[in-house]
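Chemist: The following block contains the structure, expressed as structure tokens.
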Amino acid sequence: MLESMFASEPIADNGFSVQVVRKVRRHIWLRRLTLPVATLVGLLVAFKPMTELVMVIAGLVQVIPQDIVDTNAFVIPQFPMIVLGAMLLAACMLGVRMLEE
Amino acid sequence: MTTSEDHQLVARVVSGQDVDAFGELIRRHQSHVRNFLRKLTGDYALADDLAQDCFMHAWKKLQTYSGSGSFIGWLLKVAYTTFLQSRRKSKRYAEILQEVGHAKEADSSAYTNPSDEVGDLDRFLAVLSEEERAVMVMSYACGLSHREISEATEMPVGTVKSVIFRGKEKIRDSFDIKDYQHG
Numbered sequence: 001m002l003e004s005m006f007a008s009e010p011i012a013d014n015g016f017s018v019q020v021v022r023k024v025r026r027h028i029w030l031r032r033l034t035l036p037v038a039t040l041v042g043l044l045v046a047f048k049p050m051t052e053l054v055m056v057i058a059g060l061v062q063v064i065p066q067d068i069v070d071t072n073a074f075v076i077p078q079f080p081m082i083v084l085g086a087m088l089l090a091a092c093m094l095g096v097r098m099l100e101e
Numbered sequence: 102m103t104t105s106e107d108h109q110l111v112a113r114v115v116s117g118q119d120v121d122a123f124g125e126l127i128r129r130h131q132s133h134v135r136n137f138l139r140k141l142t143g144d145y146a147l148a149d150d151l152a153q154d155c156f157m158h159a160w161k162k163l164q165t166y167s168g169s170g171s172f173i174g175w176l177l178k179v180a181y182t183t184f185l186q187s188r189r190k191s192k193r194y195a196e197i198l199q200e201v202g203h204a205k206e207a208d209s210s211a212y213t214n215p216s217d218e219v220g221d222l223d224r225f226l227a228v229l230s231e232e233e234r235a236v237m238v239m240s241y242a243c244g245l246s247h248r249e250i251s252e253a254t255e256m257p258v259g260t261v262k263s264v265i266f267r268g269k270e271k272i273r274d275s276f277d278i279k280d281y282q283h284g
């Protein structure tokens with residue numbers, strides 16, 4: 001008796017599944033857009049502090065003992081730029097990792 | 102509606118984020134999920150909103166479906182969790198309304214049927230607690246086994262059996278139904 005009492009006619013779809021699929025597609029697009037948009041906004045926000053950081057790091061390069069610079073500059077004249085680049089790369093990698101997390 | 106077809110569709114969704122395959126899964130199961138939620142809430146509009154939320158949750162969590170039980174069992178578990186979450190939210194909302202003095206609006210937790218016609222089933226469901234209603238609907242309206250209900254509600258199988266027994270007793274006592282009439 002309870003089975004027949006609880007039994008009910010199947011509910012017609014009437015666009016229900018289409019509506020949910022549309023929501024799912026919107027959700028996928030939002031997820032795809034989130035990271036690039038967040039990165040762009042982050043870059044815009046971080047632009048000024050980043051340039052200041054670069055200036056500070058550039059200043060730090062001057063602190064490297066002159067004899068080390070001279071020894072390596074003898075072999076590689078772009079040594080200070082390489083050091084600066086490596087430091088920036090490390091900072092970027094740390095930043096990307098933090099974003100990923 | 103076979104389980105192996107469901108499993109194939111789930112595999113397509115999980116492996117390639119195939120939205121069309123997920124659409125097919127919705128078409129196959131929307132009636133069960135909406136019926137379950139309609140019987141649980143007694144409110145068709147709310148039930149359909151919850152069903153949409155349920156399928157969105159299902160999309161996000163589909164990779165957690167192990168494939169060991171039936172897909173509809175897993176889906177009803179998601180639906181029941183969605184229902185409980187919404188009930189918790191509306192309870193909190195009711196508390197806030199009560200705090201600011203809207204006591205009348207706050208009373209939204211009881212089972213209500215929005216239509217003027219109140220059928221036998223609506224009267225039966227009204228005497229059951231939320232938990233009993235969910236278990237009875239899963240068992241009698243959706244045809245889930247005790248094990249599937251146990252997985253969906255995270256209750257031990259023995260508890261599921263006793264909830265069903267208690268629900269039947271309540272219905273029998275409330276409506277003076279003889280033993281031979283209910284299954």
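Residue numbers (the working numbering), protein chains in the order written: chain A, 1 to 101; chain B, 102 to 284.
Ideal placement from N, C-alpha and C gives every residue a C-beta, glycine not left out.
It should be emphasised that the depicted structure is a prediction, and the values quoted were computed from it without experimental measurement.
1) According to the Cβ coordinates, are Leu138 (chain B) and Ala122 (chain B) closer than 9 angstroms?
2) Taking the C-alpha atoms as reference points, what is the distance between Arg128 (chain B) and Gly259 (chain B)?
3) Are Val236 (chain B) and Val264 (chain B) closer than 9 angstroms when you measure CB to CB?
4) Output needed for Val45 (chain A): all residues of its chain with C-beta closer than 7 angstroms, excluding positions within five of it in sequence on either side, in chain order.
5) Using only the alpha-carbon positions, how far apart do Ala86 (chain A) and Pro36 (chain A) sit?
6) Can you find a CB in chain B that lies within less than 9 angstroms of the CB of Leu2 (chain A)?
7) With the cut-off set at 9 angstroms, would you say Ile173 (chain B) and His108 (chain B) are in Cβ contact?
8) Please classify Arg189 (chain B): is it buried, with 16 or more other beta-carbons within 10 angstroms of its beta-carbon, or exposed?
9) Classify Gln153 (chain B) as helix, strand or coil using the three-state DSSP reduction.
10) Taking Cβ positions only, does Ala242 (chain B) come closer than 9 angstroms to chain A?
11) Report yes or no: is there a C-beta of chain A within less than 9 angstroms of the C-beta of Ser210 (chain B)?
12) Is Gly259 (chain B) helix, strand or coil by DSSP?
13) Between the stretch 14 to 32 of chain A and chain B, which residues of the former have CB atoms less than 8 angstroms from a CB of the latter, in chain order?
14) Below 8 angstroms on the Cβ atoms is my guess for Ser275 (chain B) versus Val228 (chain B); work out the distance and round it to an integer in Å.
15) Around the C-beta of Asn136 (chain B), are 16 or more other C-beta atoms found within 10 angstroms, so that it is buried, or is it exposed?
16) Could you check which residue in B:Val179, B:Ala152, B:Tyr241, B:Gly170 has the C-alpha nearest to that of Lys162 (chain B)?
17) Taking the alpha carbon of Cys155 (chain B) as the point to measure from, which residue in B:Phe184, B:Glu200, B:Gln164 has its own alpha carbon closest?
18) Who are the near neighbours of Glu232 (chain B) in its chain, counting only those whose CB is closer than 8 angstroms to its CB and skipping five residues on each side?
19) For the structure I just gave you, are there three or more beta carbon pairs, one from the stretch 241 to 257 of chain B and one from the stretch 6 to 15 of chain A, closer than 8 angstroms?
20) State yes or no: is the C-beta of Lys269 (chain B) nearer than 8 angstroms to some heavy atom of the ligand NAP?
21) Counting along the chain, where does the alpha helix (DSSP H) carrying Thr104 (chain B) start and finish?
22) Between the Cα of Ile272 (chain B) and the Cα atoms of B:Glu249, B:Ser251, B:Arg234, which residue gives the shortest distance?
23) So for Glu9 (chain A), helix, strand or coil by DSSP?
Modeler: Checking against the coordinates, here is how it stands:
1) Counted from its first residue, the second sequence places residue 138 (chain B) at position 37. Counted from its first residue, the second sequence places residue 122 (chain B) at position 21. No, they are not a contact pair.
2) Here residue 128 (chain B) is taken as the residue at index 27 of the second sequence, counted from 1. Here residue 259 (chain B) is taken as the residue at index 158 of the second sequence, counted from 1. Their Cα atoms are separated by approximately 33 angstroms.
3) Locating residue 236 (chain B) in the second sequence gives position 135, where the first residue counts as 1. Locating residue 264 (chain B) in the second sequence gives position 163, where the first residue counts as 1. Contact: yes.
4) Working through the first sequence from its first residue, we reach residue 45 (chain A) at position 45. The answer is none, since no qualifying residue turns up.
5) Here the question's residue 86 (chain A) lines up with position 86 in the first sequence. Here the question's residue 36 (chain A) lines up with position 36 in the first sequence. Whole-angstrom Cα-Cα distance: 25 angstroms.
6) Here residue 2 (chain A) is taken as the residue at index 2 of the first sequence, counted from 1. Interface residue, yes.
7) The sequence position of residue 173 (chain B) within the second sequence is 72, counting from 1. The sequence position of residue 108 (chain B) within the second sequence is 7, counting from 1. No, the Cβ-Cβ distance between Ile173 (chain B) and His108 (chain B) is not below 9 angstroms.
8) The residue you call residue 189 (chain B) lines up with position 88 of the second sequence. By the neighbour-count definition (other C-beta atoms within 10 Å, threshold 16), Arg189 (chain B) is an exposed residue.
9) Working through the second sequence from its first residue, we reach residue 153 (chain B) at position 52. Helix.
10) Looking up residue 242 (chain B) in the second sequence gives position 141. Judged by the 9 angstroms Cβ criterion, Ala242 (chain B) is in contact with chain A.
11) Here residue 210 (chain B) corresponds to residue number 109 of the second sequence, with the count starting at 1. Confidence in Ser210 (chain B) is poor, its pLDDT being 47 and thus under 50, which makes the residue's placement too unreliable to answer from.
12) Your numbering for residue 259 (chain B) matches position 158 in the second sequence. Helix at Gly259 (chain B).
13) Phe16, Ser17, Val18, Gln19, Val20, Val21, Lys23, Val24, Arg25, His27, Ile28
14) Position 174 of the second sequence, counted from the first residue, corresponds to residue 275 (chain B). Position 127 of the second sequence, counted from the first residue, corresponds to residue 228 (chain B). Confirmed, Cβ separation roughly 5 angstroms.
15) The residue you call residue 136 (chain B) lines up with position 35 of the second sequence. Classification of Asn136 (chain B): buried, given that the 10 Å Cβ count is 16 or more.
16) Position 61 of the second sequence, counting from 1, holds the residue named residue 162 (chain B). Nearest C-alpha to Lys162 (chain B) among B:Val179, B:Ala152, B:Tyr241, B:Gly170: B:Val179.
17) Here the question's residue 155 (chain B) lines up with position 54 in the second sequence. Taking only the C-alpha atoms, the option nearest Cys155 (chain B) is B:Phe184.
18) As a first step, residue 232 (chain B) is located in the second sequence; it is residue number 131 there, counting from the start. Excluding residues within five positions, the ones whose Cβ falls inside 8 angstroms are Thr254, Val264.
19) Under the Cβ criterion (8 angstroms, minimum of three pairs), the stretch 241 to 257 of chain B counts as touching the stretch 6 to 15 of chain A.
20) Absence of the ligand NAP from the depicted structure is noted, as is the absence of any ligand whatsoever, leaving it without description.
21) Within the second sequence, numbered from 1, the residue matching residue 104 (chain B) stands at position 3. Here the alpha helix (DSSP H) through Thr104 (chain B) covers 104 to 117.
22) Position 171 of the second sequence, counting from 1, holds the residue named residue 272 (chain B). Of the candidates B:Glu249, B:Ser251, B:Arg234, the one whose C-alpha sits nearest the C-alpha of Ile272 (chain B) is B:Arg234.
23) Here residue 9 (chain A) is taken as the residue at index 9 of the first sequence, counted from 1. Note: Glu9 (chain A) maps to coil in three-state DSSP.
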